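Adding 122 to a residue's 1-based position in the sequence shown gives its number in the numbering used here.
For glycine and all other residues, C-beta sits at the position ideal for the given N, C-alpha and C.
Because the structure is a prediction, the values reported are computed rather than measured.
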Amino acid sequence: MTRRMYLKTGMATVGGGTLAGCSSLLGQGSADTESGTESYSVSMSPMGNVTFAEPPETVFTRLTHHADMAFALGRGDSITAMHAPDYYDGLWNQFVARLPGVTLDWTGLYPSWKPEKEKLYQLDSDVHLADPAWIAKQDAWSRADFEEIATKISPWFGNSLSDRHAKPAPGWQEDYQYYGLWEQFEIVADMFRERKRYEKLAAVHDEIMSTIESGLPPESERPSAVMLASADLDEIYAYTVNDPGFLTAHTRPFEVSDAFDGELETNTVVDFETLLEADPDVIFFLGGFEPGTSLPKRTEAFRSDPVASEISAVQNGRMYPQGARYQGPIMHLFQLEMTAKQLYPEQFGEWPTYEVGPYPEIPADEQLFDREEVATAIRGEV
């Protein structure tokens with residue numbers, strides 16, 4: 123593997139006692155000392171400091187916030203694996219359709235929700251843009267498993283427990299660090315040596331955040347809200363909108379009140395009676411942009427039910443689509459714009475009527491971020 127030249131420097135800051143020495147291997151990969159390429163170091167929890175001799179060319183991902191980061195940095199075609207690739211290819215392309223000159227194709231990739239070690243050898247990716255502490259929590263991989271992959275294939279370099287500031291698995295808890303979405307994106311950009319792409323996208327993000335912060339109405343005029351996800355009405359999952367972590371990075375800035383007043387844990391199954399008791403002013407439908415999903419059918423199911431029809435959001439027609447919680451920077455920009463218009467149309471402009479298909483066309487003078495600026499960053503025109 124002469125293309126791969128990784129060396130681990132220092133020691134990772136996770137895992138106390140005897141595990142600290144083991145964690146120092148998580149950034150170690152194959153080394154090629156004959157090329158003479160100048161190396162560079164990047165640090166991220168929980169791996170610690172990892173040294174790369176050249177930017178990775180192929181990228182294993184587990185969750186879509188990392189896949190979106192790679193895509194934003196011009197590496198959308200370099201991804202070798204991701205969670206539910208065909209599903210998320212369809213969903214992400216609903217938004218990519220509005221970025222001129224940009225394409226994305228994740229179909230047919232290895233579905234990595236439960237990654238098999240043998241498959242990682244076959245993929246032979248240059249970096250594993252995934253959080254070993256997250257995988258350990260979900261799939262009970264051992265330290266030896268992670269060390270084997272890092273040593274024999276390529277390093278781990280990702281952070282996912284920043285999603286909701288969840289507690290890591292035993293052995294990963296000491297000094298685990300949580301990052302904001304764009305804070306982690308900056309670190310990933312440094313790993314790929316894509317500082318200019320990052321800075322261009324960060325400038326777009328800073329501008330839309332400034333617009334939002336300056337345009338928020340008084341607290342008394344802000345609605346209550348909840349996010350729902352359901353394949354059918356038999357099982358409706360409710361998600362809070364103000365929890366810490368990047369899963370709510372597109373709703374938290376708007377400072378709406380949680381419809382459940384903090385009494386319901388996010389990702390809880392609820393029924394119409396529970397929703398009526400909470401009586402949200404706004405309902406967000408997670409996955410409302412899924413290809414083939416009819417938002418009118420979802421809203422009609424609420425309007426036609428004798429209980430759900432009494433909810434304020436239903437009566438006032440304030441039921442809106444959302445994209446994905448595991449958002450990277452590109453999805454985040456679109457979701458900030460749509461959420462601003464859905465919550466505060468007087469301040470940020472009306473949200474267009476949406477039923478099915480790609481993210482709606484919004485006139486240039488009503489857009490909250492410049493599509494061409496984002497597209498040129500992805501295309502590398504920086």
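The residue from V249, K239, A219 with its alpha-carbon nearest to that of I201 is V249.
Around the beta carbon of T229, fewer than 16 other beta carbons sit within 10 angstroms, so the residue counts as exposed. DSSP places I201 inside the beta strand (DSSP E), whose first and last residues are 201-204. CA-CA distance, A311 to L398, rounds to 44 Å. Beta-bridge annotation (DSSP): D380 is paired with A347. A check of alpha carbon separations from L283 across W256, I452, E472, Y162 identifies W256 as the nearest. CA-CA distance, P474 to I484, rounds to 8 Å. Apart from the 5 residues on each side of it in sequence, P207 sits with its Cβ closer than 8 Å to the Cβ of W228, T229, G230, L231, Y232, P233 in its chain, given in chain order. Between the C-alpha atoms of M460 and Q444 there is a straight-line separation of about 8 Å.
As computed with DSSP, F406 is found in a beta bridge with M349, Y442. Residue range 451-465 is occupied by the alpha helix (DSSP H) that includes M460, with no beta strand (DSSP E) assigned at that position.
Annotated as distal: V404 and A360, with beta-carbon spacing of 7 Å or more. Per DSSP, reduced to three states, the secondary structure at A435 is helical.
With a 10 Å radius around the Cβ and a threshold of 16 neighbouring Cβ atoms, T225 comes out exposed.
Of all C-beta pairs linking the segment 290-303 to the segment 253-268, three or more are shorter than 8 Å, placing the two stretches in contact. Of the candidates P237, K322, W304, Q464, W304 places its Cα closest to the Cα of D285. Its chain contains N364 as the residues whose beta carbon lies nearer than 6 Å to that of R374, once the 5 sequence neighbours on both sides are disregarded; these appear in chain order.
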